[in-house]
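Enquirer: Position 305 of the sequence shown, counting from 1, maps to 305 under full-length UniProt numbering, and the rest follow consecutively.
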Amino acid sequence: MEQVEATVTDPRDGRQGDIKNRVLQIVGEDSGKILVVEDEIELAEVLEFNLIRKGFDVLLAHDGLEACRLIGREQPDLILLDLMLPLLDGWEVCRMVRSHQDPAFRKTPIIMLSALGSTEDRIKGYDLGADLYLPKPYAIKEVIIKSRQLIQQHRDFLQLNQQVSSLQSWADMQDQWQQALFHELRNQLTVISGMALHLQQDRQLPPGRTEQFAEQISSSSHYLGALAENYLLVRRLEDKPGQLQGEPFLLANLLGELQELFQPLAEQKSCQLKLSCDSSVLLELHPIGLKIVLSSLIDNALKYSMLDGHILLSVQVDTECVRILLQDDGPGVDPGEREKIFTKFYRGRDNREKLVGSGLGLYMARALSEAMGGSLCLLDNDQPGCCFQLSLPRPC
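1. Roughly how many angstroms lie between the CA atoms of residue 73 and residue 97, to the nearest whole one?
2. For residue 28, which residues in the same chain have their Cβ closer than 6 Å to its Cβ, ignoring the five residues on either side in sequence?
3. Look up residue 112 in the DSSP assignment and give the residues it is bridged to.
4. Rounded to the nearest angstrom, how far is the Cβ of residue 286 from that of residue 246, given a contact under 8 Å?
5. Going by alpha carbons, who is nearest to residue 116 out of 248, 128, 135, 102?
6. Would you kindly work out how many angstroms separate the C-alpha atoms of residue 141 and residue 99, rounded to a whole number?
7. Report all residues from its chain with a CB closer than 8 Å to the CB of residue 130; omit the five preceding and five following residues, and keep chain order.
8. Please confirm if the region 263-278 is in contact with the region 306-314, defined as three or more CB-CB distances below 8 Å between the two stretches.
9. Which partner residues does residue 33 have in the DSSP bridge list?
10. Assuming residue 328 is part of the beta strand (DSSP E), what are its boundary residues?
11. Classify residue 165: buried if its beta carbon has 16 or more other beta carbons within 10 angstroms, exposed otherwise.
12. Looking only at C-alpha atoms, which of 392, 395, 339 sits nearest to residue 380?
13. Give the single residue among 218, 334, 45, 211 whose Cα lies nearest to the Cα of residue 386.
14. Rounded to whole angstroms, what is the Cα-Cα separation between residue 70 and residue 317?
15. Let me know the secondary structure DSSP gives residue 316 once reduced to three states.
16. Could you please give the first and the last residue of the uninterrupted beta strand (DSSP E) stretch that includes residue 369?
17. Let me confirm a value: residue 352 is counted as buried when at least 16 other C-beta atoms fall within 10 Å, else exposed. Which label applies?
18. Three-state secondary structure (DSSP) at residue 146?
19. What are the start and end residues of the alpha helix (DSSP H) that includes residue 263?
20. Just the C-alpha distance for residue 298 and residue 162, rounded to the nearest angstrom, thanks.
21. Since residue 388 is in the beta strand (DSSP E), which residue starts that stretch and which ends it?
22. Please name the residue, chosen from 341, 211, 63, that lies closest to residue 88 on a Cα-to-Cα basis.
23. Out of curiosity, what's the CA-to-CA distance linking residue 108 and residue 78?
24. Give me whichever residues DSSP pairs with residue 100 in a beta bridge.
25. Is DSSP giving residue 275 helix, strand or coil here?
26. Just the C-alpha distance for residue 59 and residue 40, rounded to the nearest angstrom, thanks.
27. Can you give me the C-alpha to C-alpha distance between residue 252 and residue 154, rounded to a whole angstrom?
28. In chain order, what residues of the same chain have a beta carbon less than 6 Å from the beta carbon of residue 304, not counting five sequence neighbours either side?
29. Just to confirm the assignment, what range does the beta strand (DSSP E) spanning residue 66 have?
30. Exposed or buried, which one is residue 283 when buried takes at least 16 other CB atoms within 10 Å?
31. Which partner residues of residue 310 appear in the DSSP bridge assignment?
32. Return the chain-ordered list of same chain residues with a C-beta closer than 7 Å to the C-beta of residue 383, the five sequence neighbours on each side being excluded.
33. Could you give the first and the last residue of the continuous beta strand (DSSP E) run that contains residue 87?
34. Pick helix, strand or coil for residue 282, following the three-state DSSP scheme.
35. Among 373, 84, 362, whose alpha-carbon lies nearest the alpha-carbon of residue 388?
This is the structure we're talking about:
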């Protein structure tokens, strides 16, 4: 709320700068930035002085070209625009603003201040997009009141536009999540139903075939459960960012569970899966979150590994963090895609048609890693395949 009500309207006492500083300190609010485009120097200074008294930040331009430069560089909240200007008239300046490609810039409020007071001139001004047309001589107080109102309306418009954009982004994200989720659900339910049909119809399966089908059903069912967990956890993080609550646990125990979970899939591809860790490594993190991260990395390695491949998970511990390295000897990642692979719904160019997937695994793994205070990256090493490094904080 304003605390100063000055009565001086003549700026020619040389104190504009001091008054501006004092007013801005006392008013304590951002009234907005106004560009005054006026070729009559004395009139421009009167406008500047009175606007500064009311807490506005004021820029001056005395011709149309200077006005265009200042508009592009300073992006004022409002333009007070004279029409009969040297070099480039006010009509063209207004046209330039209203035809700009940026919607926020294009909507900048414009008050035309002109000695051209005919009805035709006013209609032309409004037709070009002026928010207000005030013929000279005008009342300074009216200019100030209308300026404040138009600036506030413009700010309300920008805020509303931002809210609409956020809602649209959120709706798009919801739609993408649902598409990816139902795509994966359909794939896994197709596998489960196919295996169950074989078990139901074929009464004389070869030895070991029944167990294989049962393992496949169990694996797909577990994957569906993990997918639902991933979905809920990441949605929770996106809706309400913050770190996941941790609890102490031994890393070796969690790796043992993962070894048991993924060993049947590794055997199907004749891959050697080795998860090694010192039994004393203690972490204080969200155990389900870490399990999802490592599951995504192991599942990704198995998916892209060759027959008779090798996948090795090792653990390095120092004073500040625990580093989990997952190395495979698969085809590796193209240098141009090293960061893209962590993008939501992104899938490598060479594998989009060859392998089934949603493009969510590595995105979710990184999101969960960061939520636990860690980081996930793809190392650039000399070995074949990929080496992912998951860095996690040690307990205090």
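Glycine included, each C-beta is placed from N, C-alpha and C at the ideal position.
Expert: Let me spell this out:
1. Roughly 13 Å between the two C-alpha positions.
2. Summary for residue 28: the model assigns pLDDT 43, below 50, so the residue's position carries little reliability; its value from the coordinates is reported in the next sentence. Hits under 6 Å: none found.
3. Within the DSSP secondary-structure output, residue 112 pairs in a beta bridge with 81, 133.
4. Confirmed, about 6 Å.
5. Ranking the options by Cα distance to residue 116, first place goes to 135.
6. Near 30 Å, if we compare the C-alpha coordinates of residue 99 and residue 141.
7. Cβ neighbours of residue 130 beyond the five flanking positions: 81, 94, 110, 111, 112.
8. The region 263-278 is in contact with the region 306-314.
9. 57.
10. Here the beta strand (DSSP E) through residue 328 covers 321-328.
11. Exposed.
12. For the residues 392, 395, 339, the minimum Cα distance to residue 380 belongs to 339.
13. Nearest option by C-alpha distance: 334.
14. The C-alpha of residue 317 is placed about 56 Å away from the C-alpha of residue 70.
15. Correct three-state label for residue 316: strand.
16. Annotation: residue 369 is outside any beta strand (DSSP E); the continuous alpha helix (DSSP H) that includes it extends over 361-371.
17. Below a pLDDT of 50, predicted positions are generally treated as unreliable, and residue 352, at 42, falls in that range; no measurement from the model is reported.
18. Secondary structure of residue 146 (DSSP, three-state): helix.
19. Counting along the chain, the alpha helix (DSSP H) containing residue 263 begins and ends at 251-268.
20. C-alpha of residue 298 to C-alpha of residue 162: approximately 40 Å in a straight line.
21. Here the beta strand (DSSP E) through residue 388 covers 387-393.
22. Checking every option, the nearest Cα to that of residue 88 belongs to 63.
23. When rounded, the distance between both Cα atoms is 6 Å.
24. In the DSSP output, where bridge partners are listed per residue, residue 100 has none listed.
25. Correct three-state label for residue 275: strand.
26. Taken atom to atom, the span from the alpha-carbon of residue 59 to that of residue 40 is near 15 Å.
27. In a straight line, the C-alpha of residue 252 is about 59 Å away from that of residue 154.
28. Closer than 6 Å at Cβ, skipping near neighbours: 330.
29. First-last for residue 66: 64-74, but that is the alpha helix (DSSP H), not the beta strand (DSSP E).
30. Answer is buried; the Cβ neighbour count reaches 16.
31. Per DSSP, 272.
32. The residues 327, in chain order, have a CB closer than 7 Å to that of residue 383 in the same chain once the five nearest residues on each side in sequence are set aside.
33. For residue 87, no beta strand (DSSP E) segment is defined, and its DSSP state is neither H nor E.
34. The three-state secondary structure of residue 282, taken from DSSP, is strand.
35. Checked all of 373, 84, 362; the closest Cα to residue 388 is 362.
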